[in-house]
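Engineer:
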Amino acid sequence: MKLIIAYIQPDKLNDVKQSLYKASIFKMSITNALGCGQQMGYHESYRGVDVEVNLLKKLRMEIAVNDAYVEPTIKAIIEGARTGEIGDGKIFIMPMDRCVRIRTGEEGNDAIG
Amino acid sequence: MKLIIAYIQPDKLNDVKQSLYKASIFKMSITNALGCGQQMGYHESYRGVDVEVNLLKKLRMEIAVNDAYVEPTIKAIIEGARTGEIGDGKIFIMPMDRCVRIRTGEEGNDAIG
Amino acid sequence: MKLIIAYIQPDKLNDVKQSLYKASIFKMSITNALGCGQQMGYHESYRGVDVEVNLLKKLRMEIAVNDAYVEPTIKAIIEGARTGEIGDGKIFIMPMDRCVRIRTGEEGNDAIG
Amino acid sequence: MFIPRGGKKLLLTTVALTALSSMAFAEGEVSELESVKEELQTNMNILWTAMAAFLVFFMQPGFAMVEAGFTRAKNVCNIMMKNLMDFSIGSVMWWLIGFGLMFGAGGTFIGGGSHIATSDYSASPLNWTFFIFQCVFAGTAATIVSGAMAERTKFTSYLLYSVVICGVIYPISGHWAWGSLFGVSEGWLEGKGFLDFAGSTVVHSCGAWLALAGAITLGPRIGKYSPDGKSKAILGHNIPMATLGVFILWFGWFGFNPGSTTEASSAIGYIAVTTNLAAAAGAITALLTSWIRFGKPDTGMSLNGVLAGLVAITAGCDCVSLPGALIIGAIAGILVVLSVEFIDKVLKIDDPVGAVSVHGVCGVWGTLALCFFMNEPAEGYSAMSQLATQLTGVGAMFLWAFGGGMILFNVIKYTIGLRTSREEEIKGLDLGEHGNEGYAGFQIFLNQ
Amino acid sequence: MFIPRGGKKLLLTTVALTALSSMAFAEGEVSELESVKEELQTNMNILWTAMAAFLVFFMQPGFAMVEAGFTRAKNVCNIMMKNLMDFSIGSVMWWLIGFGLMFGAGGTFIGGGSHIATSDYSASPLNWTFFIFQCVFAGTAATIVSGAMAERTKFTSYLLYSVVICGVIYPISGHWAWGSLFGVSEGWLEGKGFLDFAGSTVVHSCGAWLALAGAITLGPRIGKYSPDGKSKAILGHNIPMATLGVFILWFGWFGFNPGSTTEASSAIGYIAVTTNLAAAAGAITALLTSWIRFGKPDTGMSLNGVLAGLVAITAGCDCVSLPGALIIGAIAGILVVLSVEFIDKVLKIDDPVGAVSVHGVCGVWGTLALCFFMNEPAEGYSAMSQLATQLTGVGAMFLWAFGGGMILFNVIKYTIGLRTSREEEIKGLDLGEHGNEGYAGFQIFLNQ
Amino acid sequence: MFIPRGGKKLLLTTVALTALSSMAFAEGEVSELESVKEELQTNMNILWTAMAAFLVFFMQPGFAMVEAGFTRAKNVCNIMMKNLMDFSIGSVMWWLIGFGLMFGAGGTFIGGGSHIATSDYSASPLNWTFFIFQCVFAGTAATIVSGAMAERTKFTSYLLYSVVICGVIYPISGHWAWGSLFGVSEGWLEGKGFLDFAGSTVVHSCGAWLALAGAITLGPRIGKYSPDGKSKAILGHNIPMATLGVFILWFGWFGFNPGSTTEASSAIGYIAVTTNLAAAAGAITALLTSWIRFGKPDTGMSLNGVLAGLVAITAGCDCVSLPGALIIGAIAGILVVLSVEFIDKVLKIDDPVGAVSVHGVCGVWGTLALCFFMNEPAEGYSAMSQLATQLTGVGAMFLWAFGGGMILFNVIKYTIGLRTSREEEIKGLDLGEHGNEGYAGFQIFLNQ
Ligand SMILES: Nc1ncnc2c1ncn2[C@@H]1O[C@H](COP(=O)(O)OP(=O)(O)O)[C@@H](O)[C@H]1O
Ligand SMILES: Nc1ncnc2c1ncn2[C@@H]1O[C@H](COP(=O)(O)OP(=O)(O)O)[C@@H](O)[C@H]1O
Ligand SMILES: Nc1ncnc2c1ncn2[C@@H]1O[C@H](COP(=O)(O)OP(=O)(O)O)[C@@H](O)[C@H]1O
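As they're listed, the protein sequences go chains A, B, C, D, E and F. Residue numbers are given in our numbering: position 57 of the first sequence equals residue 61, and the series is strictly consecutive. Residue numbers are given in our numbering: position 7 of the second sequence equals residue 11, and the series is strictly consecutive. Residue numbers are given in our numbering: position 81 of the third sequence equals residue 85, and the series is strictly consecutive. Residue numbers are given in our numbering: position 389 of the fourth sequence equals residue 507, and the series is strictly consecutive. Residue numbers are given in our numbering: position 200 of the fifth sequence equals residue 318, and the series is strictly consecutive. Residue numbers are given in our numbering: position 392 of the sixth sequence equals residue 510, and the series is strictly consecutive.
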């Protein structure tokens, strides 16, 4: 089992959700995040003073999947999130030992879906 | 050492904290998250237009524990969070290599508690 | 590859960013978190009723690094975040299997930076 | 400026007498001057009373902001809706029956049907302005209750309550003390010489005792008291919003108190000064009291202090001296802090915004206190006998509003139900009752 | 109180006549009394009209709060700026040419140049007060458009629009119905006996039809309609802010309607009562309609219901009966809910705050409905013939404002461009147009 | 309408003279008419002055919203408390000693003890209305300082400051220019013919120079300047809140400027027009200036532009021509942007809301500029000699308020301390000073 963490542009969420759905991946969790990456930030100005914003708003997705689903998930995320421009984001794949469904207590591959 | 990630219903936090305390687990970190799972969302309506809300508000807990604490922690979370209804949440158990306490620089099992 | 998770005091972010920059670590992601730790919380009062706040506001940093960077990253975080007082925070180091850059699809050590 | 007994009634009577006399001497030149003078003064009174009514109307969002600011984000739409609808329903009920019951010709206990749903405005040029002024007062009494019942009341039940308060409860007790203001009827309390210039008792206590009945009948919010009965704080989600609300109320009170002259005269300025001094004093002493009791100057309590001072001065704003106004406000600021604590920690009644303390306790205080701070007491004035009269009024209002409230809310409770389901309360009334969200997009911790 | 035809014009004419007569008999004693009376009454009228103008000015933040509350956090600075600048630009344009075109000497279709950028205030004591009162009315018409064009309009293009509406579009159609109020000119519509006391058509429909043209020309916001044309909800980010806005507007409307007397008289009170009843009725019926149609009482729709009632009563607030006011408001509350749905789901025009339904549909409704609810119709009054006149006015306004709007917005579209770039719309206009952030520090989900 | 020198004083004198004359001829018929006229006009003046005072009072939440909107969420309770308490303390101090020092019988430098904590209101019917009107002016001066000292001032020290400004500093300099308005005393500045109708200098500059002294004594907020002295932006947390504040202030200013007539006359309308034009022009030019300098139209600066225009027109709102008003406002809008930058980047003084630029720089500009834009200058009027007088007033105010402020704040600094601890400033004053939280439940990034 793997836990897939993806950072994407906030406005790409709907596209990513669509392409995940197409790949039959329906479960995920999302948090707000600020990201610092190759995209160098932008400049706001506030009352005449320049503000260098180098922490950009990103969405962080967490998807727990069985091993067989790793590749399709990565592919689907890339498909939904890629624009080809800097700032598109990253995907991190982490090993996961166990997964438990709180409602039933069941574990493992069944619990994930 | 393991990092335990749990998604629970927001209103279950106090119950989970209580049952964790009873199991002598006092340290944890919490973030807000939006979750998409078996629970199919609900319908709000806004000015007459139906809104399908399929990202539900969840709390995400992160608890780093020594191996001996994994089972008690899982048990405690389930005890506190279970209602038996869809949406109760999931627990993910991840391997963790090291743990460092910033204040003292100490590492490993001592740093976690 | 490792994923380094650090919980720090919110007002230490700038210092930590500085010391990470000095160690040539430029990429990171940040979320808000509430933390429960050795620091025992504090008391607000609201309209005469005491409020025990035991979930303190923390920042959660996530930094994906190649193995060679693990030590410098930990050192830099400690340098930036340490005050010596309770509440300074924790660092968790997690194994990471793969890293993918969404924009290019490239993987591994190159994708991380 | 001191208006010895019966408050505003005399002013109107004077106007009426003038009108009479000017009619009597209609042929003479002087009387022509008189009639021009009266016509102009009446227009001025209309102008003033209308402006004051608008200011009092503006207290509605003030109440909404205070209540919402002191409660949780997940119930904010529901609170907005309650405040919007109680005034809307109240306005219609006021026209349908409220005004008639309060001011129509009738007995000393209840006004008559002479002004039920009337469209006739020929009687006196001030009439419709008087009507709207009294309408926004009724709306104020109605909306006070909302805060004490916040975060757990069924919306339908609240709507029902709104129908009853503006249609029946407020007008009847209002008739007792103010029935004669319209000139066709007189209430038993004003007959006794009860003084309540702008409504510490008639408006504020009326709302507060209903609020108390509501809060008791509902029971506390989930999580307000720990299993061992210790009070726990449920934090308000937006203190600047509550502060804006308090400032709006303070602003509106300049219509509430000085406007109750319903006449453009120098009394306006004096009443504005007493009102302002009492509010300021209430803020200062509430600040200090909270500082002493809780170790830090508490924002919520200081805001309550302003309202406490304002409620307290309302009864005597026309007749107390300036040092009197200062003292009345100052003591109200202390009282409100102690009362909030007492009701919360000892009585264990959950009143999220402190409505009972602000409008009830300080309303009583102000109604009684005026006896001792008269600016220019009339010849033979006795503070103790006035106090007896005031006590009668205060007691009658408590029996009526609290008793009536207990009956009303219990009838609702055992018929259509007064409280939302546990699940709805936890998820928030916005989703449960309205299917709406107050702050879409904002990330908010919902664990309380 | 009923002012048979021509609305406020007669009032001023009476004053003028009185002035005349008092001059004619300047030697007699009575005329001295007359002139004192007139002087005092004029001062009172100035006082009242000025206060009313300030209340109407205060509607500006009301509109800003409603619009911002019903839209997303990422565009909130842009919305604030539009509301600030349309009034600022409008005020300057009004002085430069708007007032002259609307009220200056000229033909029945357009006023003349006699009051272009004038600094002369000697003509009549009321003049400058009249000027500021009419200025804030123009500002109201201008700002209505902002809501319908929210979240996707280029800022520069919006500024350009502001110049044109207050400088040209509003004053010209305003001249048709109200030109004679200043006393030097008369419009063709008022000549026909068109009744629109405070501007259901002249102000609100004018803004609404321009808004409709703008919303059509812009097209819907990204994500408002799914590829198969289904309407999707884009949630407003701050419902308490929208509610505060509605209450502020309600408050301001007490300047808008009663203030349109521009005279301190007993009509103020009556108009305040009709206005308040219609607003309350609109809130109640919109609540019920949304409850029936969507299963829960919707906050946004109830708020729109208040505004619907207010817009509808504006035309006839002086002349309809009280049951009439109640019915006009109540039907407006139903209409607005159905209209918002119709425009959104059937016409598929994206109007984020429902401006076209509130100000356009209910403006038309109110302008026509007054024919059937006259309080004291004049001898020989025929509802049907009045309806014909009203229909002429309503139709002329639609042609003028919608037609003019389509031309204006299309010219802008094909020259400097009307809509922001796709990327800017997605990231938010605050960053794109202003480089600002509305809620720095707050964590907000930006995925919509 | 032009009131040549001494401003409002003459108006009151005229009234007094009329009163006198009507007494002299008490037997004749004409004088009876005179006395009726005066009685009615006085009631009207009371009505107007009271309403204006309420509008000016309402500026208090305006200031609170602007200050809070432009600063960080973690200090919002503290800012609310400062704004609440400075007015509350100010009101009490004003009654205790302020009013007496400013208007009591005394010398030309300082008023006397004749009206210290008085409860006597028999002297003139307008007195108490005059008292409350002046009280809210004092409150305005006091609250200006809060913004410049935001986010780092100890709460106790701020309370102490509030006692001193309303009790001593403002009344004394106020006496110089306006002492004679009450009729029992005259200040040296008005004696010289200094013109400041509604207080560009007397109120706004007074507050601003105190604010400057406060900001200098405090030093900048942590993180405002990088180690190498580069200015860094600290973002305001709530721009819609700041915008609402500015609109409320604009609304209140219609009480501030037109209200300063303290008389219901046609001047009200004219002053409302000049005030509105200057505000609009200030908004437009500040928008353009920020656009040119920063590449995008900045929201914060446009909001400051409105206030700049309003402050600048305050001194001459009664006497400048309309094009003059437009130019005065327009230049103020440019000045404020440049001044904010200059103070921030060159002088490196940290004024979070731009109070010194808005109220100080534009206050001076407006006080001087009126000399050149007189609408109907009196015979023999010389702009240059008037300028000399104005410069005297402006200079005297600077010396008094800035000098007094430096002494006051340094005394506080070296006794009880002026600034909160570093830790408290970083965690936020809400937690540190009050143990409160402004937005409980909302997730907010606290890393600044
Ligand atoms: N090494 C890393 N550790 C943690 N987060 C990262 C890392 N690299 C990138 N991110 C996250 O991914 C986001 C996008 O990265 P960025 O470098 O801007 O895009 P790209 O890969 O297209 O150049 C960043 O804003 C940050 O949130
Ligand atoms: N595979 C997954 N990956 C990431 N998060 C998940 C996954 N499955 C569930 N979750 C999280 O857990 C929450 C509860 O899951 P849900 O399926 O609704 O409950 P249940 O397991 O009781 O059916 C979801 O809202 C989501 O936040
Ligand atoms: N075992 C743990 N699991 C998850 N989070 C932890 C754990 N221990 C500490 N934290 C996080 O680190 C923060 C700081 O920990 P704390 O114990 O207060 O500091 P210190 O290590 O200096 O005593 C906590 O508030 C919490 O967010």
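We put the CB at the ideal spot given by N, CA and C, even for glycine.
Let me check understanding here. Comparing Cα to Cα, which of F/L158, F/W166, F/L456 and F/T189 lies closest to F/G377?
Structural biologist: Nearest option by C-alpha distance: F/W166.
Engineer: DSSP beta-bridge partners for B/R102?
Structural biologist: Paired residues: C/I97.
Engineer: So C/A146 contacts chain B; which residues on that side make the cut at Cβ distance below 7 Å?
Structural biologist: Shown here, chain C extends from 5 to 117; a query on residue 146 of chain C therefore has no answer.
Engineer: Between which residues of its own chain and F/W368 is the CB-CB distance below 7 Å, once the five residues before and five after are set aside?
Structural biologist: If we look at F/W368 and ignore the five residues flanking it on each side, its Cβ neighbours are A397, V424 and L428.
Engineer: So, does the CB of D/I562 fall closer than 9 Å to a CB anywhere in chain B?
Structural biologist: Closer than 9 Å to some Cβ of chain B, the Cβ of D/I562 qualifies, so yes.
Engineer: Among residues of its own chain, excluding the 5 on either side of C/E66, which ones have a beta-carbon nearer than 6 Å to its beta-carbon?
Structural biologist: These residues qualify, in order along the chain: I9 and S33.
Engineer: Does the count of Cβ pairs from the region 169-189 of chain F and the region 344-355 of chain F closer than 8 Å reach three?
Structural biologist: Yes: at least three Cβ pairs fall under 8 Å.
Engineer: What are the boundary residues of the beta strand (DSSP E) that B/V69 is part of?
Structural biologist: First-last of the beta strand (DSSP E) with B/V69: L60 to V69.
Engineer: State yes or no: is the beta carbon of A/Y11 nearer than 9 Å to at least one beta carbon in chain F?
Structural biologist: Taking Cβ atoms only, chain F never reaches closer than 9 Å to A/Y11, which makes this a no.
Engineer: Which residues, taken in chain order from the region 50-65 of chain A, show a beta carbon closer than 7 Å to some beta carbon of chain C?
Structural biologist: Residues L59, K62 and R64.
Engineer: E/S209 versus chain F: which residues are under 7 Å apart at the beta carbon?
Structural biologist: Those within 7 Å of E/S209 in chain F are N394, L395 and A398.
Engineer: To which residues does DSSP link D/D548 through a beta bridge?
Structural biologist: Its beta-bridge partners do not exist; DSSP assigns none.
Engineer: According to DSSP, A/L38 sits in a beta bridge with which residue or residues?
Structural biologist: A/L38 pairs with A/K61 and C/I34.
Engineer: Going by C-alpha to C-alpha distance, which of C/L59, C/V74 and C/R51 sits closest to C/I29?
Structural biologist: Ranking C/L59, C/V74 and C/R51 by Cα distance to C/I29 puts C/V74 first.
Engineer: Output, in chain order, the set of chain F residues within a Cβ distance shorter than 7 Å of D/M169.
Structural biologist: In chain order: M169.
Engineer: How many Å lie between D/G418 and D/V455 at the Cα?
Structural biologist: Those two C-alpha atoms are separated by around 10 Å.
Engineer: Taking buried to mean at least 16 other C-beta atoms within 10 Å of its own C-beta, is B/P99 buried or exposed?
Structural biologist: The residue is exposed, with fewer than 16 neighbouring Cβ atoms inside 10 Å.
Engineer: Kindly indicate if chain B contains any beta-carbon less than 9 Å away from that of A/A112.
Structural biologist: A small fix is needed here, since residue 112 of chain A is Gly in this sequence, not Ala. No, A/G112 lies away from the interface with chain B (no Cβ there is under 9 Å from its Cβ).
Engineer: Closest Cβ-Cβ distance between E/A144 and chain D: below 9 Å?
Structural biologist: Bear in mind that the predicted position of E/A144 carries a pLDDT of just 41, short of 50, making it too unreliable to give a figure here.
Engineer: How is the alpha helix (DSSP H) around F/K463 delimited, first residue to last?
Structural biologist: Here F/K463 belongs to no alpha helix (DSSP H), and DSSP marks it neither H nor E.
Engineer: From F/M614 to F/G317, what distance separates their C-alpha atoms?
Structural biologist: The structure shown does not extend to residue 614 of chain F, since chain F spans only 119 to 566, so no value can be given for it.
Engineer: Short of 8 Å Cβ to Cβ, which residues in the region 411-434 of chain D face chain F?
Structural biologist: So the list reads F412, G413, K414, P415, D416, T417, G418, S420, L421 and V424, given in the order they occur along the chain.
Engineer: Using only CA atoms, which one of A/Q13, A/K6 and A/I97 lies nearest to A/L59?
Structural biologist: Here the closest residue by C-alpha is A/Q13.
Engineer: Mapping the DSSP letters down to three states, classify F/M492 as helix, strand or coil.
Structural biologist: Strand.
Engineer: Is it buried or exposed for A/G88, if we count other Cβ within 10 angstroms and need 16 for buried?
Structural biologist: The residue is exposed, with fewer than 16 neighbouring Cβ atoms inside 10 Å.
Engineer: Hey, is C/R106 close to ligand 1, as in C-beta under 8 Å from one of its heavy atoms?
Structural biologist: Residue identity differs from the one stated: residue 106 of chain C is Ile in this sequence, not Arg. Result yes, Cβ under 8 Å from ligand 1.
Engineer: Quick one: grab the DSSP three-state call for B/K6.
Structural biologist: It is a strand residue.
Engineer: With a threshold of 8 Å on Cβ separation, who are the neighbours of E/D346 within its own chain once the five nearest residues in sequence on each side are excluded?
Structural biologist: Taken in chain order, the list of residues that qualify is empty.
Engineer: List the residues of chain A that B/A72 touches, going by C-beta distances under 7 Å, in chain order.
Structural biologist: Ordered by position in chain A, no residue passes the 7 Å Cβ test against B/A72, which lies about 15 Å from the chain.
Engineer: As an exercise, report each continuous beta strand (DSSP E) stretch of at least 3 residues that is fully enclosed by the region 259-289 of chain D, in chain order.
Structural biologist: Fully enclosed beta strand (DSSP E) runs of 3 or longer: not present.
Engineer: Check whether chain E comes within 9 Å of A/P14, counting only Cβ atoms and requiring the distance to be less than that.
Structural biologist: For A/P14, the answer is yes, since a Cβ of chain E falls inside 9 Å of its Cβ.
Engineer: Between the Cα of F/L440 and the Cα atoms of F/M177, F/D204, F/D416 and F/A390, which residue gives the shortest distance?
Structural biologist: Out of F/M177, F/D204, F/D416 and F/A390, F/A390 has the C-alpha closest to the C-alpha of F/L440.
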